[in-house]
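Q: Going by my numbering, the first residue of the sequence shown is number 11, and it counts up by one from there.
Even for Gly, the Cβ is constructed at its ideal location relative to N, Cα and C.
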Amino acid sequence: MKAENLIVFSQIIDLIKEKKRFLITSHVYPDGDAIGSVIGLLRALKLLEKEVYPYIPDKIPNQFLKLPGVEQIKDKWDGQELDIAFVVDASNLERIGEAVKVLPSLIINIDHHPDNTLFGDINLVVPTASSTSEIIFNLVKGLKIDKEVATVLYYGLISDTGGFMYNNTSKESFKVASEMTEIGINPGEIAGKLFYSIPYDLMRIYIDILKNTEIDKEARLAWSVIPIEIMETKIFQNNTSSLLDMMLKIAEVDTIALFKEHKDKFRVSLRSKNTDVGSIARTLGGGGHKGAAAFDLPKSENSDIQDTIRKIRNLLGGRF
Ligand SMILES: [Mn+2]
């Protein structure tokens, strides 16, 4: 950990000790790291007997509903008085949706996105960290923590590193995982909940989407579309990270794009083995990391998927 981060750590710890009423929020379309970070910090602050209000103004995907503490996250705001807010795993304030309206005047920003806009009064932004959960563990481990805190943060850690398989996995990720294991977490059980828990009906939908995946071998690019009729089914109220993982397993492919159809737009998720999809997403109006990013394609007469694929191909190097 860098010296300047250690100074920020101690400023945050002082504020945790001093303040009483905390908001914790994260980005819309919450993923495993966002949710792990929110409930890990929630539990750590509750152990210190603080008043804590976790709020994410969006649906929590089905596969996260079994995480201990997740039921405490509200998607509507009840109007509580607040002293301070933690905004975690969000690179800018647009990412937190409606939560921006309830922020108190003091904001702590904890994140690992390289394009974080440093919107907080205190910014703990560590782009080399695999996940926000990894940063939060290092922050709270000096406080009173327990197995439950470590469990949900481990969940966030393996979620953002794809079970320690993505390029963002570092010495620090393994160190944190080892410390969590010492606290008593059960790595196999947590990984099972995250990676081996696709309901049969959902797997059948994934198979259809995989069957319809197109590939450009020259550009080493694959893409698929999830139509709105499927997006809106109850069984699909899931995060698509396991589907994206399956697409990325194709040997002939370095980059994948998944077009998820909503009423007014496509949300396009990008993943890659070696290319920097973060910069592609930023060029197309979105954001993210080197290996995982996303952007929105508004629906209009000229929002053509093939046209977007051409743009992605060009951004991949224009060699094609
Ligand atoms: Mn993250």
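Quick check: the stretch 249-262 against the stretch 286-297, are there 3 or more CB pairs under 8 Å?
A: Cβ pair count under 8 Å is below three, so no.
Q: Terminal residues of the continuous beta strand (DSSP E) containing residue 63?
A: First-last of the beta strand (DSSP E) with residue 63: 61-64.
Q: What residue range does the beta strand (DSSP E) around residue 124 cover?
A: Premise fails: residue 124 is in no beta strand (DSSP E) and is neither H nor E.
Q: First and last residue of the alpha helix (DSSP H) that includes residue 197?
A: Element bounds for residue 197: 197-205.
Q: So which of 314, 266, 293, 294 has the shortest CA-CA distance to residue 301?
A: Nearest of 314, 266, 293, 294 to residue 301, Cα basis: 266.
Q: Between residue 250 and ligand 1, is there a pair consisting of the residue's CB and a ligand heavy atom that are separated by less than 6 Å?
A: No, ligand 1 has no heavy atom inside 6 Å of this Cβ.
Q: Return the first residue and the last residue of the beta strand (DSSP E) that residue 133 is part of.
A: Element bounds for residue 133: 132-135.
Q: Under 6 Å Cβ to Cβ from residue 78, same chain only, skipping five residues before and after it: list those, please.
A: Only 158 meet the Cβ criterion.
Q: Which runs of the alpha helix (DSSP H) spanning at least 4 residues fall entirely within the stretch 255-298, listed in chain order?
A: Those alpha helix (DSSP H) runs which fall completely within the stretch 255-298 and span 4+ residues are 287-293.
Q: Look at the alpha carbon of residue 234 and the alpha carbon of residue 221, and state the distance between them as a whole number of angstroms.
A: Taking the straight line from one Cα to the other gives about 9 Å.
Q: Any heavy atom of ligand 1 closer than 6 Å to the CB of residue 141?
A: For ligand 1, at least one heavy atom lies less than 6 Å from the Cβ of residue 141.
Q: Any heavy atom of ligand 1 within a distance shorter than 6 Å of the CB on residue 170?
A: Residue 170 Cβ: within cutoff of ligand 1.
Q: Check each candidate in 303, 188, 112, 135 and name the one with the smallest Cα separation from residue 119.
A: When only C-alpha atoms are compared, the closest one is 135.
Q: Between the alpha carbons of residue 219 and residue 232, how many angstroms are there, rounded?
A: Roughly 12 Å separates the two Cα atoms.
Q: Which residues in the same chain have their Cβ closer than 7 Å to the Cβ of residue 43, if we skip the five residues on either side of it in sequence?
A: Result list for residue 43: 99, 141, 142, 143, 166, 169, 170, in chain order.
Q: Between 114, 258, 146, which lies nearest to residue 175 when the distance is taken from Cα to Cα?
A: Nearest option by C-alpha distance: 258.
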